[in-house]
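A.B. asks: First the structure, which I've put down as structure tokens, then a few questions once you've had a look.
There are 4 protein chains.
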Amino acid sequence: MSKRNGDKKEIILEAAKIVFAESGYHGASISKIAKRAGIGDGTVYLYFKNKEDILITLFHDTIHNKFAEQVEQAIRYYDDARLALLELVRNHFDFFGRDIHLSRVIQIESRQSEQNVREGMKPGIQKYFRIIESVVERGQEQGHFRKDVSSRNSRKMIFGTLDEMVTSWVLSTKEYPLIQMVEPAYKLFIQGLLECGKSDGI
Amino acid sequence: MSKRNGDKKEIILEAAKIVFAESGYHGASISKIAKRAGIGDGTVYLYFKNKEDILITLFHDTIHNKFAEQVEQAIRYYDDARLALLELVRNHFDFFGRDIHLSRVIQIESRQSEQNVREGMKPGIQKYFRIIESVVERGQEQGHFRKDVSSRNSRKMIFGTLDEMVTSWVLSTKEYPLIQMVEPAYKLFIQGLLECGKSDGI
Amino acid sequence: MSKRNGDKKEIILEAAKIVFAESGYHGASISKIAKRAGIGDGTVYLYFKNKEDILITLFHDTIHNKFAEQVEQAIRYYDDARLALLELVRNHFDFFGRDIHLSRVIQIESRQSEQNVREGMKPGIQKYFRIIESVVERGQEQGHFRKDVSSRNSRKMIFGTLDEMVTSWVLSTKEYPLIQMVEPAYKLFIQGLLECGKSDGI
Amino acid sequence: MSKRNGDKKEIILEAAKIVFAESGYHGASISKIAKRAGIGDGTVYLYFKNKEDILITLFHDTIHNKFAEQVEQAIRYYDDARLALLELVRNHFDFFGRDIHLSRVIQIESRQSEQNVREGMKPGIQKYFRIIESVVERGQEQGHFRKDVSSRNSRKMIFGTLDEMVTSWVLSTKEYPLIQMVEPAYKLFIQGLLECGKSDGI
DNA sequence: GATGAATGAGAGTTCATTCAT
DNA sequence: GATGAATGAACTCTCATTCAT
């Protein structure tokens, strides 16, 4: 049955997520993944071409199909780009804050892979990049956001900051909830480092 | 002689840099590195404990001893934190823009490593983190930078943005000089996304 | 029904013939054979013990039951051993010239098998060997064929030559019809290499 | 030292010969070969690309470099093609009669290999083919051998017969020395099956 | 100090075979 | 009878590391 099939693929992905998070991408052998999934080594190859394929699928399912999709939906009904950006930031931290294993895989392990794999992860990230950039562009059109910095570069700041904050949290002891980063991140995006109303950027 | 010794160690590090950049960390075998360095495989083990050790040393030498050191020197004579930050940004892009192989290793390959290695790279990054944070704190004391965002979080934005911009450049076709990212990065840091004097962050 | 049963067995053998010919004995997986036969992998095991069994059956059916049988019938009504030999040669090339897939399996792939399999192919070949030898012996009794070479050795020449000619054809681009080898083979068998009436064998 | 290198390669080939002969090409694992050679598994890969490479080298060394070479030398000083042919036959059986393991590999196991391998064995066999054909052609020019059968076809008879006789001996209990096949083979080549001076080929 | 041949643990992967459905 | 998902033994091959020279 297709039900079954989906189930087993899901089971393998779930097991792989845990193993990748705990042993790292290169320390994760097919054998370990299979054992954790409670299946035979060979069975993995019925559902995935190889270890790369597992990581790519995990990444794509997560980032392209779930995360980027969810963000897109979440900001759909905000007209003001500033509010849309706030919602985007909230979603980012909310998503990664929910599943520490997943976050570890996405933030750390997925970057430990060959050219090959990174190629397979591109569509997912780029979908997210385009979402961020479109928010920035909307803000520029609305006259809220500066136009002397390209939306591409603004996106690099936004994504770079969010990414660094999540990575930092993943590698930390996680004493604070990730969601509490929404406020500082948003403030920095909007007004930068400047003391409000008091100072200028020289 | 320690002179000689230093020489050979340097030669190996230089070779490793190229091989890591071209083949990736996991695709780089000791054999390849030794061949490129023009020495025997076994000789590598006279200077390094293992492959991990090479990467850690390469990273530490570069980031802790050269890069962070150089940044520290460069901002030493700026009193105004805003100008110090500008100089820091300039140094960051200047440093990584000069050596594409090195940049690739630092931005991409060094993240493809085990817990172990990342542990060894910590001192270097943290030295740089502290430099950034001290600039921010100085700005706060001077009344230029906001105090409602911690220096730690501001640092995450600054480092995250710079890092993302370098990574983006490394993975691109490098048609633009990295140094031209100084201006957009600095602007975003200082005033964020807002249109100057026209808009507010809601 | 035995009819049905026979049908499916036949279908599997036919599929196996093609797959063996195209992928080689060792490159032919049960899975490939089943797919080609349009049945499930497991079904193969209802009709055959294993892959070896398929090859042995294919060989035996072909060589013992069809080919040797047909040759035996064909030479039955020739009294003169020389004419019987000619007919045997004609049959040999005719049979293998008709089915290139089969020829490939018999000439090439069936020799890529373990002791085991070769054991199972013996009865078929030996039946053919006995046919050849009996023709030679008849020729000796009739005073046509030499008696200073044993029928066993003469058979080795005859079979070795025919076999080499078929193999050669199978591995070639097959621009010539195999049947045209009847004449040179027969001539060489009968009078050997000597120029007729002119020369002696020293 | 190059001496050493040659030694170890030779040791592996010798071990492989025995293992191929005893377990068959497909039953021979690299592990078995290494164990028999008294070396580590990995060492095999310092000298050979893979199992195929071992068989190809074994075959080429034996057939192209030793056997065909030796035959070429042996017949060099015979002017009369009939005597050259006799010497060729003698050499063939002498060579294969000396080393039963080698014969088994050449006659049986080397035919159990993929397209790939057979391609690598071609140069060796074809060198031998050309030697046989050149003897036949010389005989034709001398007026001793028939011209109504091409040298190519005559070669197929000669090689096919010799090959079949060796195979037959290899698969037998080897109660007779292979060298005693020289006489019947030569007789059949020269005068075929006909009773001398008494009969005709119809 | 320098070498590089040798090692063997351990990875990925295939596929004949089984068995619950 | 028919299926094909699941299995796991067994294989090939790589490469960090050692050590006799």
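Chains as they are written, first to last, in my numbering: chain C, 73 to 274; chain E, 73 to 274; chain P, 73 to 274; chain S, 73 to 274. Cβ coordinates follow ideal geometry from the N, Cα and C atoms, glycine included. Remember, it's a predicted structure, so these values are computed and weren't measured experimentally.
Who are the neighbours of S:GLN252 on chain P, taking C-beta pairs under 8 Å?
C.D. replies: Counting from 1 along the fourth sequence, the entry for residue 252 of chain S is found at position 180. What S:GLN252 touches in chain P: nothing, since even the nearest Cβ is about 10 Å away.
A.B. asks: Measuring only between beta-carbons, confirm whether E:PHE131 sits less than 8 Å from chain C.
C.D. replies: For the purposes of this step, residue 131 of chain E is identified with residue 59 of the second sequence, where counting begins at 1. No, no contact with chain C.
A.B. asks: In the structure shown, what three-state DSSP assignment does S:LYS75 receive?
C.D. replies: Within the fourth sequence, residue 75 of chain S is the residue found at index 3, counting from 1. The pLDDT assigned to S:LYS75 is 42, lower than 50, so where the model puts this residue is not dependable; a value taken from the coordinates is nonetheless given after this. Of the three classes helix, strand and coil, the one that applies to S:LYS75 here is helix, per DSSP.
A.B. asks: Name the DSSP beta bridge partners of S:LEU260, please?
C.D. replies: Counting from 1 along the fourth sequence, the entry for residue 260 of chain S is found at position 188. S:LEU260 is not bridged to any residue.
A.B. asks: Comparing the C-beta of P:LYS228 with each C-beta of chain S, is any distance below 8 Å?
C.D. replies: Position 156 of the third sequence holds residue 228 of chain P. It does; some Cβ of chain S falls within 8 Å.
A.B. asks: Compare the beta carbon distance of P:MET253 and P:PHE131 with 8 Å and say whether it is the shorter of the two.
C.D. replies: Start at 1 with the first residue of the third sequence, and residue 253 of chain P comes out as number 181. Start at 1 with the first residue of the third sequence, and residue 131 of chain P comes out as number 59. No, these two residues do not count as a Cβ contact at 8 Å.
A.B. asks: Do you know how far the Cα of E:SER175 is from the Cα of S:MET73?
C.D. replies: Locating residue 73 of chain S in the fourth sequence gives position 1, counting from the first residue. Locating residue 175 of chain E in the second sequence gives position 103, counting from the first residue. Because the pLDDT of S:MET73 is 38, which lies under 50, any placement of that residue in the model is unreliable, and the number read from its coordinates should be weighed accordingly. Going from the Cα of S:MET73 to the Cα of E:SER175 covers about 42 Å.
A.B. asks: Would you list the residues sitting across from P:LEU266 in a DSSP beta bridge?
C.D. replies: For the purposes of this step, residue 266 of chain P is taken as residue 194 along the third sequence, with counting starting at 1. Answer is S:PHE217, bridged to P:LEU266.
A.B. asks: Measure the CB-CB distance between C:ASP178 and C:THR134 and report whether it falls below 8 Å.
C.D. replies: By one-based count along the first sequence, residue 178 of chain C stands at place 106. By one-based count along the first sequence, residue 134 of chain C stands at place 62. The sequence shown places Ile at residue 178 of chain C, rather than the Asp named in the question. Yes, these two residues count as a Cβ contact at 8 Å.
A.B. asks: Which residues of chain C have a Cβ atom closer than 8 Å to the Cβ of E:PHE168, listed in chain order?
C.D. replies: The residue given as residue 168 of chain E occupies position 96 in the second sequence. Going along chain C, no residue has its Cβ under 8 Å from E:PHE168, so there is no contact; the nearest lies around 14 Å.
A.B. asks: Does any residue of chain P have a CB that is nearer than 8 Å to the CB of S:VAL116?
C.D. replies: Counting from 1 along the fourth sequence, the entry for residue 116 of chain S is found at position 44. Judged by the 8 Å Cβ criterion, S:VAL116 is not in contact with chain P.
A.B. asks: Taking 8 Å as the cut-off, decide whether the C-beta atoms of P:VAL208 and P:PHE201 are in contact.
C.D. replies: Against the third sequence, residue 208 of chain P aligns to sequence position 136. Against the third sequence, residue 201 of chain P aligns to sequence position 129. Not in contact: P:VAL208 and P:PHE201 (Cβ atoms no closer than 8 Å).
A.B. asks: Using a Cβ-Cβ cut-off of 8 Å, state whether S:ASP79 counts as contacting chain P.
C.D. replies: As a working mapping, residue 79 of chain S is identified with position 7 in the fourth sequence. Chain P contact via Cβ: absent.
A.B. asks: Report the three-state DSSP secondary structure of P:ILE120 (helix, strand or coil).
C.D. replies: For the purposes of this step, residue 120 of chain P is identified with residue 48 of the third sequence, where counting begins at 1. The residue asked about is misnamed: residue 120 of chain P is Phe in this sequence, not Ile. Of the three classes helix, strand and coil, the one that applies to P:PHE120 here is coil, per DSSP.
A.B. asks: Which class does E:ALA87 belong to by DSSP, given the choice of helix, strand or coil?
C.D. replies: In the second sequence, counting from the first residue as 1, residue 87 of chain E sits at position 15. If DSSP states are grouped into helix, strand and coil, E:ALA87 belongs with the helices.
A.B. asks: Is S:ILE126 closer than 8 Å to S:THR120 when the C-beta atoms are compared?
C.D. replies: Numbered from 1 along the fourth sequence, position 48 holds the residue referred to as residue 120 of chain S. Numbered from 1 along the fourth sequence, position 54 holds the residue referred to as residue 126 of chain S. Checking the sequence, you will find Phe at residue 120 of chain S rather than Thr. Result yes, Cβ atoms of S:PHE120 and S:ILE126 sit closer than 8 Å.
A.B. asks: If you scan the region 149 to 192 of chain P from start to end, which runs of the alpha helix (DSSP H) of 4 or more residues do you find wholly inside it?
C.D. replies: Qualifying alpha helix (DSSP H) stretches, in chain order: 153 to 170, 172 to 179.
A.B. asks: Is there at least one Cβ from chain E nearer than 8 Å to C:GLN184's Cβ?
C.D. replies: The residue given as residue 184 of chain C occupies position 112 in the first sequence. Yes, C:GLN184 counts as interfacial toward chain E.
A.B. asks: Under 6 Å Cβ to Cβ from P:ASN163, same chain only, skipping five residues before and after it: list those, please.
C.D. replies: Numbered from 1 along the third sequence, position 91 holds the residue referred to as residue 163 of chain P. Only VAL143, ALA146 meet the Cβ criterion.
A.B. asks: Quick check: what's the CA-CA separation for S:LYS219 versus P:ARG170?
C.D. replies: Sequence index remark: in the fourth sequence, residue 219 of chain S carries index 147 (1-based). Sequence index remark: in the third sequence, residue 170 of chain P carries index 98 (1-based). The alpha-carbon atoms of S:LYS219 and P:ARG170 are separated by roughly 29 Å.
A.B. asks: With a threshold of 6 Å on Cβ separation, who are the neighbours of E:PHE139 within its own chain once the five nearest residues in sequence on each side are excluded?
C.D. replies: As a working note, residue 139 of chain E is residue 67 in the second sequence. Closer than 6 Å at the Cβ level, and outside the excluded window around E:PHE139, lie PHE167.
A.B. asks: Which of helix, strand or coil does DSSP assign to P:HIS136?
C.D. replies: Locating residue 136 of chain P in the third sequence gives position 64, counting from the first residue. Here P:HIS136 sits in helix by DSSP.
A.B. asks: What residue range does the alpha helix (DSSP H) around P:ALA106 cover?
C.D. replies: Here residue 106 of chain P refers to the residue found at position 34 when the third sequence is read from its first residue. Looking at the DSSP string, the run of the alpha helix (DSSP H) that includes P:ALA106 is 102 to 109.
A.B. asks: Give the range of the alpha helix (DSSP H) segment to which S:GLN252 is assigned.
C.D. replies: On the fourth sequence, residue 252 of chain S is found 180 positions in, with the first residue counted as 1. Element bounds for S:GLN252: n/a, residue is neither H nor E.
A.B. asks: In the DSSP assignment, find the unbroken alpha helix (DSSP H) run with E:LYS228 in it and report its ends.
C.D. replies: Translated into the one-based positions of the second sequence, residue 228 of chain E becomes position 156. Where E:LYS228 is concerned, the enclosing alpha helix (DSSP H) stretches over 223 to 243.
A.B. asks: Assuming C:GLY211 contacts E:LEU265 under a Cβ cut-off of 8 Å, what Cβ separation, rounded to an integer in Å, is found between them?
C.D. replies: Along the first sequence, read from residue 1 onward, the residue named residue 211 of chain C stands at position 139. Along the second sequence, read from residue 1 onward, the residue named residue 265 of chain E stands at position 193. Yes, C:GLY211 and E:LEU265 are in contact; Cβ-Cβ is about 7 Å, under 8 Å.
A.B. asks: In whole angstroms, what is the alpha-carbon distance linking S:ARG76 and S:GLU191?
C.D. replies: For the purposes of this step, residue 76 of chain S is taken as the residue at position 4 of the fourth sequence. For the purposes of this step, residue 191 of chain S is taken as the residue at position 119 of the fourth sequence. With a pLDDT of only 48 at S:ARG76, under the threshold of 50, the placement of this residue in the model should not be trusted; the figure read from the coordinates follows. Rounded to the nearest angstrom, the two C-alpha atoms are 30 Å apart.
A.B. asks: Could you tell me whether any Cβ in chain S is nearer than 8 Å to the Cβ of P:VAL91?
C.D. replies: Along the third sequence, one-based indexing puts residue 91 of chain P at 19. Not an interface residue.
A.B. asks: For S:PRO256 and P:ILE90, what's the separation of their Cα atoms in angstroms?
C.D. replies: For the purposes of this step, residue 256 of chain S is identified with residue 184 of the fourth sequence, where counting begins at 1. For the purposes of this step, residue 90 of chain P is identified with residue 18 of the third sequence, where counting begins at 1. Computed Cα separation, rounded: 39 Å.
A.B. asks: Out of curiosity, what's the CA-to-CA distance linking E:ILE84 and E:ILE105?
C.D. replies: Position 12 of the second sequence, counted from the start, is the residue given in the question as residue 84 of chain E. Position 33 of the second sequence, counted from the start, is the residue given in the question as residue 105 of chain E. Roughly 7 Å between the two C-alpha positions.
A.B. asks: Using a beta-carbon distance cut-off of less than 8 Å, what residues from the region 122 to 156 of chain C approach chain E?
C.D. replies: Listed by position along the chain: ASP152, ARG154, LEU155.
A.B. asks: Is the shortest distance between the beta-carbon of S:GLU236 and the beta-carbons of chain P less than 8 Å?
C.D. replies: What you label residue 236 of chain S is simply residue 164 of the fourth sequence in a count that begins at 1. Chain P, which has a Cβ nearer than 8 Å to the Cβ of S:GLU236, makes this yes.
A.B. asks: Name the chain P residues that come within less than 7 Å of S:VAL221, Cβ to Cβ?
C.D. replies: The residue labelled residue 221 of chain S in the question sits at position 149 within the fourth sequence. The answer, in chain order, is PRO256, LYS259, LEU260.
A.B. asks: Residues in its own chain within less than 8 Å of E:LEU345 by CB, not counting five upstream and five downstream?
C.D. replies: A question about residue 345 of chain E goes unanswered here, because the residues of chain E that appear run from 73 up to 274.
A.B. asks: For S:VAL189 and P:SER182, what's the separation of their Cα atoms in angstroms?
C.D. replies: Position 117 of the fourth sequence, counted from the first residue, corresponds to residue 189 of chain S. Position 110 of the third sequence, counted from the first residue, corresponds to residue 182 of chain P. Whole-angstrom Cα-Cα distance: 16 Å.
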